[in-house]
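Residue numbers (my numbering): 102 to 445.
No residue lacks a Cβ here, since even glycine has one placed at the ideal position from N, Cα and C.
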């Protein structure tokens with residue numbers, strides 16, 4: 102089987118070339134062709150010898166996920182269905198005035214089964230390889246303008262349960278010979294997988310978001326079942342340790358809180374959240390729940406969301422009620438699952 106070079110960051114790419122008795126600097130040349138020139142054809146890599154090009158053609162590949170279908174939202178958001186072997190993933194492209202955001206998946210499905218999220222109802226199929234993570238971005242960059250990018254790991258799956266591949270993909274994003282994306286423009290969102298958070302501290306410095314969704318363990322365990330294993334106090338303590346070593350998160354961790362009518366939107370929960378977060382620098386995103394066919398919830402009213410937000414604002418927290426993007430095509434937070442039967 103041919104080796105997919107898109108699974109390698111710069112160090113691993115150099116090691117590969119040394120392993121096939123070639124000079125390590127060819128790795129840098131290949132990365133420039135891929136990530137700076139969007140070139141995936143070895144024959145067009147003219148600063149490589151013909152002999153080396155032929156060797157690479159026979160031994161390696163530059164394979165990315167295949168775009169099967171897409172949906173266009175009225176607000177400009179695009180949802181892409183991409184195929185990897187016999188599986189499918191969804192990736193979201195969100196155009197904005199100054200920069201564009203790509204919401205990247207890290208797994209096929211999700212094992213966590215958060216009660217309000219469509220992806221969990223797919224079940225878990227497998228982790229994505231580095232090439233399948235990076236390939237989502239490469240696919241969209243080929244089709245869209247080259248504005249500066251925000252990358253958010255908020256698509257299908259839990260990134261910290263695919264730790265090694267996600268971190269290698271992030272290294273490629275950060276690398277000047279790779280995608281050259283600022284660490285301030287890459288956000289990893291997690292429900293709080295403690296071992297992954299602990300390893301993250303010693304591995305890479307990017308923006309961190311915690312999917313909290315409740316201010317106490319009793320409520321959170323009902324809607325985010327993994328809380329029974331990793332509770333709120335241990336998550337926030339570990340996140341705070343990460344913040345202490347992070348230059349990227351000087352403004353604090355982002356707390357994500359999906360607003361579920363009559364479940365977690367009562368004013369008393371806002372007051373609990375104030376107390377819960379008082380010792381950890383944070384900014385809070387209130388996320389209107391987005392309909393999916395699997396969940397029984399309703400979204401909080403905007404009046405209630407604003408009441409909830411005002412409690413936090415009065416205590417000095419930075420609070421944002423997130424604007425829905427792509428909800429009409431099931432591309433918003435909590436809606437991602439396969440849409441194989443849609444039209445192009």
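What does residue 194 pair with, by DSSP beta-bridge criteria?
Answer by DSSP bridge pairing, in chain order: 179 and 203.
Flag residue 230 as yes when its Cβ comes closer than 6 Å to any non-hydrogen atom of the ligand ADP, and as no otherwise.
Judged by which ligands are present, the structure shown has none, so any question about the ligand ADP falls away.
By the 10 Å Cβ neighbour count, where 16 or more other Cβ atoms means buried, how is residue 207 classified, buried or exposed?
With 16 or more other Cβ atoms within 10 Å, it is buried.
What's the C-alpha gap between residue 442 and residue 420?
Model confidence at residue 442 stands at a pLDDT of 41, short of 50, so the residue's coordinates are unreliable; what they give is reported in the following sentence. When rounded, the distance between both Cα atoms is 38 Å.
What residue ranges within the region 245 to 319 form continuous beta strand (DSSP E) runs of no fewer than 3 residues, ordered along the chain?
The region 245 to 319 contains these whole beta strand (DSSP E) runs: 250 to 254, 287 to 291 and 308 to 312.
By a C-beta neighbour count over all protein chains shown, 10 Å radius and 16 as the cutoff for buried, is residue 328 buried or exposed?
Buried, because 16 or more other Cβ atoms sit within 10 Å of the Cβ of residue 328.
So, for residue 120: in the same chain, excluding its five sequence neighbours on each side, which residues have a beta-carbon less than 7 Å away from its beta-carbon?
Counting only Cβ-Cβ distances below 7 Å, and skipping sequence neighbours, we find nothing.
Quick one: Cα of residue 221 to Cα of residue 210, how far?
Spanning the two alpha carbons is a distance of roughly 6 Å.
Kindly give me the distance between the Cβ atoms of residue 146 and residue 279, rounded to whole angstroms, as I take these residues to be in contact under 8 Å.
The pair is not a contact, with the Cβ atoms about 16 Å apart (cut-off 8 Å).
Taking the CB atoms as reference points, tell me whether residue 313 and residue 354 lie closer together than 7 Å.
No; because the gap between Cβ atoms is not below 7 Å, this pair is not in contact.
Quick check: what's the CA-CA separation for residue 403 versus residue 410?
Roughly 10 Å separates the two Cα atoms.
DSSP state of residue 188, grouped into three classes?
Note: residue 188 maps to strand in three-state DSSP.
Are the CB atoms of residue 365 and residue 434 within a distance shorter than 7 Å?
No. Outside cutoff.
Do you know how far the Cα of residue 348 is from the Cα of residue 163?
Their backbone Cα atoms lie some 34 Å apart in a straight line.
Name, in chain order, the residues that DSSP records as bridge partners for residue 210.
Paired residues: 225.
Report the rounded CA-to-CA distance for residue 186 versus residue 218, giving the unit in angstroms.
Between residue 186 and residue 218, the C-alpha separation is close to 25 Å.
Could you name the residues that DSSP lists as bridge partners for residue 173?
Bridge partners of residue 173: 179.
Can you have a look at residue 376 and say buried or exposed, based on whether 16 or more other CB atoms are within 10 angstroms of its CB?
Residue 376 should be labelled exposed.
Going by DSSP, what residues sit across from residue 357 in a beta bridge?
312 and 386.
Is the region 227 to 240 close to the region 104 to 112, with three or more CB pairs under 8 Å?
Yes: at least three Cβ pairs fall under 8 Å.
Under a three-way DSSP split, which group does residue 375 fall into?
Note: residue 375 maps to helix in three-state DSSP.
Go ahead and pull the three-state DSSP assignment for residue 167.
If DSSP states are grouped into helix, strand and coil, residue 167 belongs with the strands.
Distance check for residue 243 and residue 151, CA to CA, integer angstroms please.
Using only the alpha carbons, I get a separation of about 26 Å.
Among the candidates 241, 114, 236 and 415, whose CA atom is the shortest distance from the CA of residue 267?
Checking every option, the nearest Cα to that of residue 267 belongs to 236.
Nearest to residue 438 by CA position, among 395, 202 and 298, is which residue?
Per the Cα distances, 395.
Going by DSSP in three states, residue 434 sits in which element: helix, strand or coil?
DSSP places residue 434 in coil when its eight states are reduced to three.
Nearest-angstrom Cα distance between residue 102 and residue 373?
In a straight line, the C-alpha of residue 102 is about 55 Å away from that of residue 373.
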